[in-house]
Amino acid sequence: MKILETDRLTLRLQTTNDSAFILELLNDPSWLQFIGDRCVRTLDDARAYILNGPVRMYEQFGFCLYLVERKEDHAQIGICGLVKRDSLKDVDIGFAFLPKYWSKGYAYEAASAVMSYGKDTLGLSRIVAITAQENQASARLLEKLDFRFERLIQLANVPEELKLFVFDKTKNYIKKQRESSETKVILDRLTASFFDAFTNINGNKPNVRALTELFIPEAMIIKNTDCAPIIYSLQQFIEPREKLLSEGNLINFKEEELYEITEIFGNIAHRFSLYRKIGVMSGEAFDTMGMKTMQFIRTPCGWKISSIAWDDERNGLTIPEKYRKK
């Protein structure tokens, strides 16, 4: 019976028809090294292992270690699922794959599906995992799944101590909220520095060259206030504005952000900003509002602006009330 499906894999209940595969998997050197000898030597042993292990566990708890098959050719490549051990109070996730299927992303794909099933369908807020201390590959996979190492534990009939990893839905949510908040502060500072770079009011000296520290070198900057967009590279944008702000053609100039909506996802972020700009251009005072869209990416050097585009309020185009009221 199929339990889960991913882009490339099917996870289903094990049956005694899988005995040959289970016999191979449980006697693979990697299984014996990292999981242990289950004394499965024959097909009859494998059948008994399936019936007394995953089949019985599914009947008792509604979950077990599922057999993982590749969709494209129905190859049996490993097992992955949830286990309830007498020696652990929490449900734990387990996975094992034949070495020829390693380094292809199958373990992460299957384990991600099992974690989602455990959290969303079974309602588990806490899931644990145990690994041998030398099993670095499994430890990395667990960390990628948002598990954290908690401590070493000793299980009955296991001579060496094992690493205990824990996924706690509540703690992970708080951690991600905190990380998101920290990122938001960084993006706020980047945005403020962008607007401040042009200010030449009250004796302030503009520092347009500072934009090179805020943007990635390949950044795209787009003015889209007329019939056709004007697209600048970073240097094409900096040079004329530096001249304009420093030679007296544009004075008492200031841009400021009045309201923003920022969305962050992993290593990318987007900001939609209501802004105001005031100044005197060639003797003519102006006071205008508009909207800027800003994209950010996380780089090895920290968060940077990757692109900006803007349009200004004019006849026939007004700022929506939902922004003006903020």
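Going by full-length UniProt numbering, the sequence shown opens with residue 1, and the numbers climb by one from there. Just so you know, even glycine gets a beta-carbon here, dropped at the ideal spot from N, CA and C.
Query                                                                                     : Result
Per DSSP, the bridge partner or partners of V83                                           : D92
Extent of the continuous alpha helix (DSSP H) run through L141                            : 136-144
CB-CB length for K163 against A139, believed under 8 Å                                    : 7 Å
Within 7 Å, strictly: CB atoms of I264 and M289                                           : no
Environment of A110 [buried if 16+ CB atoms lie within 10 Å]                              : buried
Residues that H270 bridges to, as DSSP identifies them                                    : E263, Q295
Alpha carbon of residue 368 to alpha carbon of S112, nearest angstrom                     : Outside the displayed span of the chain (1 to 326) sits residue 368, for which this structure offers no information.
Rounded C-alpha distance that separates L26 from C39                                      : 9 Å
Span of the beta strand (DSSP E), counted from its first residue to its last, around P217 : 215-223
Nearest-angstrom beta carbon gap, F95 and I79 [assumed within contact, 8 Å]               : 7 Å
T170 versus V91: straight-line alpha-carbon distance, rounded                             : 16 Å
N-terminal and C-terminal residue of the alpha helix (DSSP H) that A309 is part of        : Note, A309: premise wrong, no alpha helix (DSSP H); beta strand (DSSP E) at 302-312.
Proximity winner among L82, R47, E218, I251, relative to S306 (alpha-carbon distances)    : E218
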